[in-house]
Amino acid sequence: MPAFKMEDLRNKPVFDNNGVHVGEIILTQQDKKTKLVRIAQLQIDPNLKIKYPNINRSVISLDLNIVSVDPTTKKVSLVKTVEELSSFWK
268 MPAFKMEDLR
278 NKPVFDNNGV
288 HVGEIILTQQ
298 DKKTKLVRIA
308 QLQIDPNLKI
318 KYPNINRSVI
328 SLDLNIVSVD
338 PTTKKVSLVK
348 TVEELSSFWK
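Under our numbering, the residue at position 50 of the sequence shown is numbered 317, and the numbers go up by one with no gaps.
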């Protein structure tokens, strides 16, 4: 599992790998020993729910295996497209 620091993720906009705004990480839980984030909650962009009606939740648990953070810009991206992920976010 990728290891992220809390400041790399919390309150950052999240984009898919096509640059589509997916939402914002609103909550992270870090490991007490390593201080690395283990769990993240993603607040889905309401406009995305209009475009993809099968997304019927406002907040999802985010699998950190599909997240990347650009070391220079700190941009948080998903390694998949919204189309690929929307079927899992029901």
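Note that CB positions come from ideal geometry on N, CA and C, so glycine has one too.
What residue from the options has the CA that sits closest to residue i's CA?
i	options	result
N285	V304, V343, M273 and W356	V343
T301	K341, F271 and N332	F271
D283	F355, V346, P313 and D298	V346
Going by the DSSP bridge assignment, what does residue i pair with across the sheet?
i	result
P280	E291
K342	Partner(s): none; K342 has no beta bridge.
Give me the Cβ distance between residue i and residue j, rounded to the nearest whole Å; I'm assuming they're in contact under 8 Å.
i	j	result
V326	I306	12 Å between Cβ atoms; not a contact.
L322	L315	What sits at residue 322 in the sequence shown is Ile, not Leu. That pair is a contact at about 6 Å.
I292	L309	6 Å
What is the DSSP secondary structure of residue i, reduced to helix, strand or coil?
i	result
S353	helix
I322	coil
K316	helix
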